[in-house]
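Below is one structure; the comments refer to it alone.
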Ligand code: SAH
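In this note's numbering, the protein residues as written are 1 to 376.
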């Protein structure tokens with residue numbers, strides 16, 4: 001295991017050419033004016049893009065044929081090129097490796113969860129996309145493949161939105177055997193979203209906004225997951241976006257968390273939870289605590305009790321993640337019996353807890369593994 005430095009500011013290299021999804025309303029009007037087009041064309045283009053997931057102006061047939069090429073050149077540079085797509089879980093998980101304009105690799109994972117009526121808690125069907133917010137990550141968590149690769153650069157707002165538009169297109173086009181609507185987006189791919197906050201916020205607005213200016217995805221169906229950048233959580237709260245917050249805790253005590261989530265050396269467990277509490281107080285909804293169970297590292301009964309005591313009076317829900325071992329790491333997932341005991345102890349303190357199903361294990365499903373494998 002290597003110990004990497006924390007990197008908060010991304011290198012300024014290689015942001016992609018400007019794209020429709022990078023611009024706000026005024027920027028779009030201006031860009032269209034430069035092409036000699038009236039402002040109302042922006043809404044027309046937005047309807048194609050967010051509503052029909054069309055990013056090729058050649059197919060926007062209500063635009064005058066003569067300007068489609070110039071709109072493409074000025075506003076729709078190709079940002080994502082598919083390098084590889086792999087699927088698992090009988091086709092219900094599809095992972096895509098994308099190459100960006102400068103050769104950088106990022107990945108996103110599309111997962112179908114089928115409706116469940118029998119056995120356990122009934123669950124509505126959904127289609128969830130896990131998106132990347134940065135190429136690489138500067139947060140240096142030792143169990144995470146992306147964290148071990150370091151931070152290459154921030155993604156632009158459009159590079160984030162394009163991942164979502166591509167996924168919505170795949171789902172709508174019957175990628176899972178029948179046309180489905182992309183219902184959920186989780187910022188749990190590569191990168192630390194709150195370290196790329198302005199671009200992530202601009203992307204979030206486009207996911208949330210109603211037609212024609214956005215995709216109309218439900219706010220509570222969007223989750224931003226963070227290592228615990230307290231100033232970022234505060235800023236996100238001030239936006240009143242009402243999306244779901246997830247905090248990657250992974251340890252209830254500062255001693256262990258300092259090593260598992262190195263940013264804890266800056267913002268301690270108590271500060272992170274206080275920021276999450278303030279977020280929940282604004283939205284009135286539970287936040288998630290992510291806890292990757294690592295054999296003999298953070299899975300002891302005492303730690304379950306400590307976590308339970310920390311969370312019992314908070315508006316929080318624990319999402320236990322069986323560790324997905326990264327190549328070359330000596331760490332492993334906890335045995336099922338240990339996991340069950342951990343769950344039992346949290347439940348004994350009335351803390352809501354779920355165990356995440358492991359998707360895409362056979363396709364390097366853990367954060368950053370596919371990109372890391374491709375880079376090798
Ligand atoms: N940077 C953000 C979001 C990306 S990671 C964050 O840390 O929250 C999404 C989640 O996957 C985090 O909880 C992260 O700790 C977890 N994760 C990373 N690598 C993992 C692995 N090998 N096994 C299980 N969970 C992992």
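In this text, a Cβ means the ideal position worked out from N, Cα and C, and glycines have one as well.
With 16 other Cβ atoms within 10 Å as the buried cut-off, status of residue 95: buried
Candidates 190, 306, 357, 195, of which the one nearest residue 8 by Cα: 195
Residue closest to residue 137, alpha-carbon to alpha-carbon, out of 341, 27, 347, 10: 10
Residues near residue 240 by beta carbon distance below 8 Å, same chain, minus five either side: 282
Where residue 101 falls: helix, strand or coil (DSSP): coil
CA-to-CA distance, residue 279 to residue 103, given in whole angstroms: 37 Å
Bridge partner(s) assigned by DSSP for residue 136: 151
Between the CA atoms of residue 360 and residue 324 - distance to the nearest angstrom: 10 Å
First through last residue of the beta strand (DSSP E) which encompasses residue 126: 126-130
Extent of the continuous beta strand (DSSP E) run through residue 317: 316-322
Residue 134 and residue 105 closer than 8 Å at C-beta: no
Check whether residue 252 and residue 220 have beta carbons under 8 Å apart: no
Span of the alpha helix (DSSP H) around residue 259: 254-260
Three-state secondary structure assigned by DSSP to residue 196: helix
Distance cut-off 7 Å: residue 154 Cβ against heavy atoms of the ligand SAH: no
CA nearest to the CA of residue 129, picked from 35, 81, 108: 108
Residue 334 - DSSP class collapsed to helix/strand/coil: coil
Stretch-stretch touch, CB-based, cutoff 8 Å, three pairs: the region 176-195 with the region 226-238: yes
Residues near residue 50 by beta carbon distance below 6 Å, same chain, minus five either side: 214, 215
Residue 191: CB within 7 Å of a non-hydrogen atom of the ligand SAH: yes
Whole-Å CB distance - residue 185 paired with residue 217, under 8 Å assumed: 6 Å
As assigned by DSSP and simplified to three states, the class of residue 94: strand
Under the three-state DSSP convention, the category residue 312 falls into: coil
Beta-carbon proximity list for residue 392, same chain, < 6 Å, skipping 5 on both sides: Any property of residue 392 remains undetermined from this structure, which presents the chain solely from 1 to 376.
Reduced DSSP secondary structure (H/G/I, E/B, other) of residue 184: strand
Any non-hydrogen atom of the ligand SAH within 7 Å of residue 250 CB: yes
Given 8 Å, three or more beta-carbon pairs between the region 56-75 and the region 31-47: yes
Inter-residue Cα distance where the pair is residue 158 and residue 72: 14 Å
Beta-carbon gap between residue 83 and residue 68 smaller than 8 Å: no
Proximal residues to residue 294 (C-beta, below 6 Å), its chain only, five neighbours per side dropped: 323, 331
Straight-line Cα distance separating residue 24 from residue 198: 13 Å
The ligand SAH heavy atom lying under 7 Å from the CB of residue 321: yes
Sequence-distant residues of the same chain with beta carbon closer than 8 Å to residue 190, five excluded per side: 106, 107, 132, 133, 134, 135, 136, 137, 146, 367, 368, 371
Run of the alpha helix (DSSP H) containing residue 283, from where it starts to where it stops: 269-283
Cα-Cα separation between residue 238 and residue 200, rounded to whole angstroms: 14 Å
Contact check, residue 310 vs residue 346, beta carbons under 8 Å: no
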